[in-house]
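Asker: Residue 147 in the UniProt record's numbering is what sits at position 147 of the sequence shown, and the numbering runs on without skipping anything.
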Amino acid sequence: MNWRRYFWPVVGIAAVIFSLLLLWHELRGISLDDVWDGLAAIPSRGWVLAALSSVIAYAALAGYDHIALLHIGKRVSWLFVTLCSFTTYALSHNIGGSVFSGAVIRYRAYGTRGLTGQDVGVLVAICWITFVLSTILASGLVLVFEPQIMDRFSGIAHHGLSEAAGIAMLLLVAAYIFGSWLHLRPLKIASFQLHYPALPIVARQLLIGPIELIAAAAIIFFALPEAHNPGYFVVLGVFLVSFSVAQISHAPGGLGVFEVVFLAGLSDMEPVGVLAALVVFRLFYLIIPLILGLGVVLFFERSQFSRTES
Numbered sequence: 001m002n003w004r005r006y007f008w009p010v011v012g013i014a015a016v017i018f019s020l021l022l023l024w025h026e027l028r029g030i031s032l033d034d035v036w037d038g039l040a041a042i043p044s045r046g047w048v049l050a051a052l053s054s055v056i057a058y059a060a061l062a063g064y065d066h067i068a069l070l071h072i073g074k075r076v077s078w079l080f081v082t083l084c085s086f087t088t089y090a091l092s093h094n095i096g097g098s099v100f101s102g103a104v105i106r107y108r109a110y111g112t113r114g115l116t117g118q119d120v121g122v123l124v125a126i127c128w129i130t131f132v133l134s135t136i137l138a139s140g141l142v143l144v145f146e147p148q149i150m151d152r153f154s155g156i157a158h159h160g161l162s163e164a165a166g167i168a169m170l171l172l173v174a175a176y177i178f179g180s181w182l183h184l185r186p187l188k189i190a191s192f193q194l195h196y197p198a199l200p201i202v203a204r205q206l207l208i209g210p211i212e213l214i215a216a217a218a219i220i221f222f223a224l225p226e227a228h229n230p231g232y233f234v235v236l237g238v239f240l241v242s243f244s245v246a247q248i249s250h251a252p253g254g255l256g257v258f259e260v261v262f263l264a265g266l267s268d269m270e271p272v273g274v275l276a277a278l279v280v281f282r283l284f285y286l287i288i289p290l291i292l293g294l295g296v297v298l299f300f301e302r303s304q305f306s307r308t309e310s
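#1: Distance, Cα to Cα, valine 257 vs valine 241?
#2: Considering only C-alpha positions, which residue in the set Ala138, Leu161 and Pro230 is nearest to proline 147?
#3: Grab me the residues of phenylalanine 239's own chain with a C-beta within less than 8 Å of its C-beta, minus the 5 sequence neighbours each way, in chain order.
#4: Which whole-angstrom value is the C-beta distance of glycine 293 and leucine 91, which I expect to be below 8 Å?
#5: Return no unless some Cβ of chain C is closer than 8 Å to the Cβ of valine 76.
#6: Within this structure, are the beta carbons of alanine 138 and proline 210 separated by less than 8 Å?
#7: Let's see if you can read the secondary structure: which residues bound the alpha helix (DSSP H) around phenylalanine 86?
#8: Any chance you could list the beta strand (DSSP E) runs of at least 3 consecutive residues sitting entirely within the segment 135-202, in chain order?
#9: Cα separation between tyrosine 89 and isoleucine 287?
#10: Please classify leucine 278: does DSSP put it in a helix, a strand, or coil?
#11: Apart from the five residues just before and just after leucine 123, which ones in its own chain have a Cβ nearer than 6 Å to its Cβ?
#12: Can you name the start and end residues of the alpha helix (DSSP H) that histidine 228 belongs to?
#13: Nearest-angstrom Cα distance between valine 234 and glycine 265?
#14: Going by the CB atoms, is the gap between serine 85 and aspartate 65 shorter than 8 Å?
#15: Can you check which of these residues, Met269, Ile208 and Ala198, is closest to histidine 228 by C-alpha distance?
#16: Within the same chain, show all residues whose beta-carbon is closer than 7 Å to that of proline 297, passing over the 5 residues directly before and after it, in chain order.
#17: With a threshold of 6 Å on Cβ separation, who are the neighbours of cysteine 127 within its own chain once the five nearest residues in sequence on each side are excluded?
#18: Does the separation of the CB atoms of valine 272 and isoleucine 42 fall below 8 Å?
#19: Should glutamate 226 be labelled buried (16 or more other beta-carbon atoms within 10 Å of its own) or exposed?
#20: Could you tell me how far apart the beta carbons of aspartate 119 and lysine 74 are, in whole angstroms, since I believe they sit closer than 8 Å?
#21: Buried or exposed: which applies to glutamate 259, given that a residue is buried once 16 or more other Cβ atoms fall within 10 Å of its Cβ?
#22: Measuring only the C-alpha atoms, how far is alanine 277 from leucine 39?
#23: Under the three-state reduction of DSSP, which class applies to aspartate 33: helix, strand or coil?
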């Protein structure tokens with residue numbers, strides 16, 4: 001039905017509007033000059049480490065596609081896969097609905113390398129599973145070792161419940177590994193088949209996936225001021241909650257949603273310093289990659305057009 005086509009975009013836009021209203025209420029006493037001063041207060045070392053963390057994060061994201069191609073047994077140029085993955089995530093992170101928008105971009109790119117629609121479908125599924133699995137693993141570890149992280153959002157101590165949730169997440173990851181060891185049957189949906197990843201693939205998922213999350217959170221950590229800084233592990237936990245909520249909201253780029261949740265998680269810090277760090281994150285993780293990704297798309301389409309003409 002036609003309404004289904006517009007449901008999630010409407011949900012995303014509504015989430016952006018609602019979050020921006022909350023942000024305005026939270027930051028109404030902060031001016032642009034205050035934010036600029038917060039950015040100026042970040043030392044050169046912080047800028048360099050934040051930029052380096054962004055490079056590591058996108059390098060790990062490229063690993064998602066390499067893992068998926070290894071799973072389906074397709075050989076594609078390393079450079080092409082890396083550029084395709086970078087462009088996919090650079091655009092889908094900003095557009096929102098990363099699974100669906102990423103699938104369209106990948107289908108256009110990998111179709112020129114002989115992959116079928118089903119191949120691309122499996123590739124997208126494996127990339128999505130890698131992200132979800134990595135988020136569950138990282139979140140489980142944070143909840144076990146920093147159970148008070150949820151207190152920052154609820155205001156009530158739930159340490160026992162947080163630890164139990166963390167252990168449950170780690171057991172879920174263990175079950176995924178066990179399922180690979182058992183060689184479970186493939187998931188079938190009509191003509192679509194998704195085979196269970198082999199143990200070497202699972203090992204790569206559990207290594208490369210968390211690196212991307214760790215590096216992405218480090219962008220913010222290195223840009224945060226030292227005053228009242230709770231430490232990297234807490235920042236990682238707040239990032240995982242904020243990023244997950246932003247993804248669920250389907251808001252384009254998580255605009256407003258990500259900031260509202262992150263500010264709530266670090267409410268004991270000066271809002272100007274946190275907001276400046278979030279601006280750095282958007283710059284290195286979203287804006288600059290988007291500009292570069294658009295350049296890659298234009299170059300790719302121009303080369304395809306030249307081939308067609310010749």
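Note that CB positions come from ideal geometry on N, CA and C, so glycine has one too.
Answerer: Reading it off the structure:
#1: 11 Å
#2: Leu161
#3: Leu213, Ala216, Ala217, Ile220 and Phe262
#4: 5 Å
#5: No chain C is present in this structure, which holds just one protein chain.
#6: yes
#7: 78-95
#8: 187-189 and 192-194
#9: 12 Å
#10: helix
#11: Ala68
#12: Per DSSP, histidine 228 belongs to no alpha helix (DSSP H) and is neither H nor E.
#13: 9 Å
#14: yes
#15: Met269
#16: According to the sequence shown, residue 297 is valine rather than proline. The answer, listed in chain order, is Thr87.
#17: Tyr64 and Ala68
#18: no
#19: exposed
#20: 6 Å
#21: buried
#22: 8 Å
#23: helix
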